[in-house]
Amino acid sequence: MDRRKYLKTLAVGSVGAGLLIQSCETEKPQTQQAAVTHTIDRTPAEIAREEKLRAETFFNEHEMATIAVLVDIIIPKDDVSGSATDAGVPDFIEFIVKDKPELKTPVRGGLRWLDVQCMKRYNKSFVDCNAEQRIEMIDEIAFPELAKPEMQQGVAFFNTMRDLTATGFFTSKIGIEDLGYVGNRPNQWDGVPQEVLDQYGLQYDERTLAESVKFDT
Amino acid sequence: MSVFQIKETPKSYDVCIVGSGAGGGMAAYVLAQAGIKTVLLEAGPLYDPAKNVTQLKWPWESPRRGSSSPHRHFGDFDAAYGGWELEGEPYTHKDGTQFDWFRARMVGGRTNHWGRISLRFGPNDFKRKNIDGLGDNWPISYDDVAPYYDRVDQLIGVFGSKEGIFNEPDGIFLPPPKPRLHELFIKEGAKKLDIPVIPSRLSILTRPLPDNKDRGACFFCAQCNRGCTVYGDFSSSSVLVKPALQSGNVDVIPNAMVREVITDNSGNATGVSFVNKDDLQEYTVNARIVVLAASACESARILLNSKSSQHPNGLANESGVVGKYLHDSTGADMGGILPHLVGRKRYNEDGVGGMHVYTPWWLDNAKLDFPRGYHIEYWGGMGMPGYGFGSGIQYTNGKYPGRDGKMKPAGGYGASLKDDYRYFYGATFGMSGRGEAVAREDNYCEIDPNTVDKYGIPVLRFHYKWSDYEVKQAKHMKETFKQIIESAGGVVTWGHTDTAANQYGLAAPGRIIHEVGTTRMGDDPRRSVVNRYNQAHTCKNLFIVDGGPFVSQADKNPTWTILALSMRATEYMIDEMKKQNL
């Protein structure tokens, strides 16, 4: 197979099948039909763990509603892409706290802390506040270097929520397109594009050009 | 019939190999080519990267977005099953010391996810005692191993460049990939400091391997640690074990957890006993020769657990040296940001699975306050987002002007924050030092007298402390990293606050996963476990071909040397069989 055809074959997903010799080994034993379809290699122990986690519910409806509001404040829809809820971030957060139990208390407790603050200020829970009140509250905890000392627990909670939201968003399909990550596909690395080298006033030296891998164009 | 019985595997073999990583895979391959009936025991399941696929998958295909789980400590897409702790297979520590032991239970072992860094040991690396008076020399020299390095290069494939550096011997190289953008900045920065930055040497096929139709060439997805569906990189599972099985001369028994090597009245090995993890039954398999390649520590464990009247201290342990001189590479890291790379143009810079350039050890230890060197690995750029992406933006976005050129308070939320993630993407980079520790008798693993694993096999207990040599080396790494980052026009953002109190950020022993030395090689049977052909001094039909026989580690990754020595040992073994000496 010529190289371009080879890359093309890879790109459409029948990954190099023609190149591979069938193994003489038996397949791994199949476990019973998983409730979730796995598109990545999973061991039986992993499948069992995943099913167990998915069967659990951690956050209650009120907590999930609060998370949905928070993540869209952190990453709203803009000209480039959709919001954190568009990217499924609340579901990701529900899964990840079950997967990493050390996150359970900081997130649950932080949500409660936020509600108590809002009750004191506005006599309403965070989700029941109007948009202006919510932002007023968030402004108190979103800027670590400006926040008042008595807001430190809120700052820690918001830092956690910011991190989880960013990870959840930018590892989603929407987020990766937004970011402009264009890898994860077969290609031929032939160095930094010329216009980028020019932008930074760089060039490959003669020796590097001579010894590095070259491709048919 | 008793419920508990030991079953004999009906077929008898010429050779039984324990472990299918670099050492065991190479032994199986060489024996298969020679037509010798071999059985390969592996403590984990079958694994073939063409079938067990995580390559070219997207982060959202993992519900935890690729982060680690108890079953894959290096992340959901990583090829290694297992990690620092395995359920039901504990290990313990002595005197409050630490050693973290990484185990990948699967065909191919840890070669499935390693960094593919394939460095030859140099002439000095076999004779360190001659240079600094510490530790011991190897009984063999670079010239003894060089022909095998050449053949490993040709059989498996490695890219690199001819540099002519005395202690970094050149190999038979495929062409290296061009440096990425941040690597160019690093190269420029290091040059000003007289620190060499040269093309890396990784076992990845940048070009098709001549005369090999079973493996495809690299297609530059940067995901070698996930295993390669076209076998464009080296893993023992795909490159050695698979062809060995196809030869018809090698049988593999997966999920076979070896208990001990069985010996006869004359003290020779006759086979091994193992528990099958699937049916939990006890088995034995007979062979004329036993080859241990279960990892330096696991092989030591098997030997120490193989006690008999002929070998009361454990098999091949008449010297008392088994388990001693355990050493791992040192490690320390630092990271920063290249402010001129913010808001950078997007393009695919995945490249190969790892760095395109690295720094080999460049200084003379005689002029320094620590005896052994280190190499530097670099990373950075526009990688695929995964779990942790964007974390800690509050430490970055308050320090630099945003896209609008204005400063703003750290942290934040909303459209402006969302744009910061885009803006700072691909501007971070960092480096890791990997250095040589001095092998010492009092760093060791032994059998814990009180603890067994879930199969009833006595477990290892570790005793390991870094010495002042390694701590001073880490200090030097940190000072150097800061200079390189700043010379490249970067700003250090983490890894710079370490002090003597935390050994300058020196990674805990075991963390670099280069465990070697537990069954060291030597000419003197009183001070070593195996001879210069990896053959046990006191049990002639027992060979050890993992990292255990290493006398010293070098500032290199051990895999290429494990492969070369395993090839050499196995050919010696075949020769001895032909001469009827075995």
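Chains A and B, in that order, give the protein sequences.
Residue 212 in the numbering used here sits at position 83 of the first sequence; the count goes up by one each step and never skips.
Residue 414 in the numbering used here sits at position 145 of the second sequence; the count goes up by one each step and never skips.
Note that CB positions come from ideal geometry on N, CA and C, so glycine has one too.
Computed from a predicted structure; not experimentally measured.
- Judged by DSSP in its simplified three-state form, His-783/B adopts coil rather than helix or strand.
- The straight-line gap separating the alpha-carbon atoms of Gly-540/B and Asn-381/B is approximately 27 Å.
- Listed as beta-bridge partners of Arg-341/B by DSSP are Ser-338/B, Gly-351/B.
- For Phe-731/B, the enclosing beta strand (DSSP E) has its first and last residue at 727–732.
- Cβ-Cβ distances below 6 Å link Gly-605/B to Ile-754, Gly-759, Val-760, Val-761, Thr-762 in the same chain, with the five nearest sequence neighbours on each side left out; the list follows chain order.
- With respect to chain B, the C-beta atom of Trp-242/A has no partner C-beta closer than 7 Å.
- Nearest in C-alpha terms to Gly-290/B, of all of Asp-413/B, Arg-334/B, Ala-563/B, is Ala-563/B.
- Look at Arg-379/B: its C-beta is not under 7 Å from any C-beta on chain A.
- Interface with chain B (7 Å Cβ-Cβ cutoff): Val-236/A is excluded.
- Around Val-611/B, no beta-carbon contact reaches into chain A at under 9 Å, the shortest distance being about 12 Å.
- For the pair Arg-374/B and Asp-602/B, the Cα-to-Cα distance works out to about 28 Å.
- Interface flag for Phe-344/A against chain B is unset, since no Cβ pair is found closer than 7 Å.
- With fewer than 16 other Cβ atoms from the protein chains shown falling within 10 Å of its own Cβ, Leu-632/B counts as exposed.
- Bounds of the beta strand (DSSP E) holding Phe-543/B are 538–545.
- Listed along chain B, no residue sits closer than 7 Å to Gly-211/A by beta-carbon distance, the nearest being about 11 Å off.
- Phe-812/B sits close to Val-560/B, with the two beta carbons spaced by under 7 Å.
- Within chain B, the residues placing a beta-carbon under 9 Å from that of Arg-178/A are Ser-338, Pro-339, His-340, ordered along the chain.
- Contacts with chain B at 7 Å (Cβ-Cβ) include Val-311/A.
- Below the 8 Å Cβ cutoff, chain A contributes no neighbours of Asn-481/B, its closest Cβ being approximately 11 Å away.
- DSSP places Pro-718/B inside the beta strand (DSSP E), whose first and last residues are 713–721.
- For Glu-432/B against Gly-391/B, the beta-carbon gap comes to about 11 Å, at or over 8 Å, which does not count as contact.
- Distance from the CA of Asp-520/B to the CA of Val-322/B, rounded to the nearest whole angstrom, comes to 24 Å.
- Per DSSP, the unbroken alpha helix (DSSP H) holding Ser-756/B starts and ends at 737–756.
- Under the DSSP assignment, Ala-339/A falls outside any beta strand (DSSP E), being part of the alpha helix (DSSP H) whose first and last residues are 335–340.
- The Cβ of Asn-316/A sits closer than 7 Å to at least one Cβ of chain B.
- Looking at the DSSP output, Phe-489/B bridges to nothing.
- In the pairwise beta carbon analysis, the segment 717–734 of chain B is classified as not touching the segment 637–651 of chain B: fewer than three pairs are separated by under 8 Å.
- The DSSP-derived three-state label of Asp-844/B is helix.
- Secondary structure within the segment 451–524 of chain B: the alpha helix (DSSP H) runs of 4 or more consecutive residues, fully enclosed, are 511–515 (chain order).
- Closest by C-alpha distance to Gly-774/B, out of Lys-396/B, Val-299/B, Phe-750/B, Asp-793/B, is Phe-750/B.
- Each residue's CA atom was taken as its position, placing Phe-693/B and Cys-497/B some 30 Å apart.
- Note that the C-beta distance between Asn-803/B and Ala-838/B is below 7 Å.
- Close to Pro-205/A, with beta-carbon spacing below 9 Å, are these residues of chain B in chain order: Tyr-682, Gly-683, Ala-684, Lys-687.
- With a cutoff of 7 Å on beta-carbon distance, Trp-630/B and Asp-815/B are scored as not near each other.
- Counting C-beta pairs closer than 8 Å gives fewer than three between the segment 570–581 of chain B and the segment 306–321 of chain B, which falls short of the contact rule.
- Neighbours of Ser-542/B in chain A, taken as residues whose beta carbon is under 7 Å from its own, are absent, since the nearest beta carbon is some 24 Å off.
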